[in-house]
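S.K.: Numbering (the working numbering), first residue to last: 114 to 569. Yeah, the Cβ is synthetic: ideal placement off N, Cα and C, and Gly gets one too.
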C-alpha cells in the first residue's frame, strides 16, 4: 500500500518546515489540536506526510490529475474511497480511454459511462473548473447534458474542446442554461461546436471568453453573444477552419481590456461586416492575420483600438500607399511581426514609419521576422517622430533566418536611424548572429545612456 501511495504522490514535494509550522500552514490548526503533543519529534517525522493533510488539501492535489486517475485513488484506503467525489476541478478527456487494446466505439462508451457516473456521484455543489476534451467522439447528445449538469453545479470555469476525427462527427450543441449562468467566470470553446445563441443571453460574471474555430449558426452569432457579457475583460477569437464568408465581425465591449484576434483572412472589403467600437478600456491588443491584409481593414483596426497601450501586430502588408494613421496616444509597447504562415513575405517597413509617427508616447518597440520582399528601399520619416525625441527607451530586433543581403542592408538602415534619432533610448537588443555587431557598435547614438546588447 505504501508503494502505491508513493507512485501516485511521488511528484509532490513539501517544504521542510518544523512540525508546528507545517501543520499550521497546511491546516490552520495547531499541533495540540491534532493531539500530537505526546509524540516526540522523531515519531512525527516518521509519519506519512500525505496522511496528515486535511481532505481539502488532498482534493486540491487530486484535482491536478486526470479524473480517471483521481478516481483510482479510491482503492488506497477507506479514507480515499469517496474523497474524489469532493474534487472541485474536473479534468475529463476521452483520449485517456482510447488505447490500442480496445476499439474506438468501446472506448467512447466506457468514457461516456465514466463521465456520467462521476457527475452523478460528485458531492460538490460549486465546481471551480470543468474541463472536457473530446476527440473522435460520436455521442455528442450526451455532452449537452454534461454541460447542463456543470452549470447546475455553479461551475466557474468551463473548458470544452471537440476535435474532429475521421468518422464524420457531428458538432456539439450547447445548452441554453449555459448562456444565463450567473457563476461562469471563464468560458473556453474550441473545435467542432455549434454556437447557437438564444434570445436571452446574460452572463453577469463572465470575464474571460475564448472562441476557437467554432461553427456559428448565423453570421452575427458572436455579435449577439457579447452584449450579454457586461463585465467581459478578455476576448480571444480564432476564426478559420469553419469560417463562413457571411460572418459579421463586430466587437463592442466597453469593459474589454485584452483582445486577441487570429483570422486567416481579413482581406475582404466589407467595412459594414467588420468593426471595433466602444473599446475605451482596452489595454492590450493582438492581431494575427496570415493573408495580405486590406488597407481598409488596417485603418478599421487602428481606429477601433485608439486607446490601446500594448499592441502586437502580425500581418503581411504589401506596397500600399498608407494614408495618415489615427493617433494612438496611449500606445507605449509595440511588437511588429510578419505573419505566421505567409512564407517569405513580411511587413512593410513603411508601416513602421506610420506607427512611429502616430504613437507619440511609444516606449518599447520590438521588430520581429522578415521584411516585406517587395520593400526594395526604405526612407526614414521626414521629421523625427515625437516618440523618438522624448519617449522611446527600448528597442529589440529579432530578424528571422534565411534572409537576403538586401534585407540586412535595410536592417542596418533602420538600426542606424533609431540609434541616431532616439534621444532617450536606454537599451537596444539585437537577437541575431547574422548582423555585424562591430559595425553596429560604431553607429552614432543620440542617447549617451544607450546600451547595445547582442544576443543569440
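(1) Taking a contact to mean a Cβ-Cβ separation below 7 Å, would you say residue 476 touches residue 504 in this structure?
(2) Got a sec? Which residues, its chain only, sit under 8 Å from residue 393 by beta carbon, not counting five neighbours each side?
(3) How big is the Cα-Cα spacing for residue 254 and residue 212?
(4) Looking at the strands, I want to know which residues DSSP matches up with residue 335.
(5) Spell out the partners DSSP gives residue 242 in its beta bridges.
(6) Can you give the Cα-Cα distance for residue 438 and residue 411, rounded to whole angstroms?
(7) Please classify residue 226: is it buried, with 16 or more other beta-carbons within 10 angstroms of its beta-carbon, or exposed?
(8) State buried or exposed for residue 571, treating a residue as buried only when at least 16 other CB atoms are found within 10 Å of its CB.
(9) In the structure shown, what three-state DSSP assignment does residue 420 receive?
(10) Hey, how far is the Cα of residue 228 from the Cα of residue 205?
(11) Straight-line CA distance for residue 453 to residue 165?
(12) Take residue 239 and list the residues in its own chain whose beta-carbon comes closer than 6 Å to its own, dropping the five residues that flank it on each side.
(13) So what does residue 301 bridge to, in DSSP terms?
(14) Per DSSP, what are the beta-bridge partners of residue 482 in this structure?
(15) Using CA coordinates, which residue listed in 501, 399, 180 is at the minimum distance from residue 532?
(16) Out of curiosity, what's the CA-to-CA distance linking residue 190 and residue 196?
(17) Sort out for me which residues DSSP pairs residue 376 with in a bridge.
(18) Just how far apart, CA to CA, sit residue 565 and residue 326?
(19) Residue 413 to residue 298, Cα distance in whole Å?
(20) Beta strand (DSSP E) containing residue 176: first to last residue?
(21) On the CB-based measure, 16 or more other CB atoms within 10 Å of its CB, does residue 353 come out buried or exposed?
M.R.: This is what the structure holds:
(1) yes
(2) 367, 420
(3) Residue 212 has its alpha-carbon roughly 23 Å from the corresponding atom of residue 254.
(4) Paired residues: none, contrary to the question.
(5) Looking at the DSSP assignment, residue 242 forms a beta bridge with 202, 270.
(6) Note on geometry: alpha-carbon atoms of residue 438 and residue 411 lie some 9 Å from one another.
(7) exposed
(8) The structure shown does not extend to residue 571, since the chain is modelled only from 114 through 569, so no value can be given for it.
(9) Three-state DSSP puts residue 420 in coil, outside helix and strand.
(10) 8 Å
(11) Any reading at residue 453 needs caution, since the residue's pLDDT is 47, under 50, leaving its predicted position unreliable; the model's value is listed next. Going by the C-alpha atoms only, they are around 51 Å apart.
(12) 267
(13) 272, 323
(14) Partner(s): 512.
(15) 501
(16) Using only the alpha carbons, I get a separation of about 10 Å.
(17) 402
(18) 42 Å
(19) 30 Å
(20) Run containing residue 176: none; DSSP gives neither H nor E here.
(21) In this structure residue 353 is exposed. Its beta-carbon is surrounded by fewer than 16 other beta-carbon atoms within 10 angstroms.
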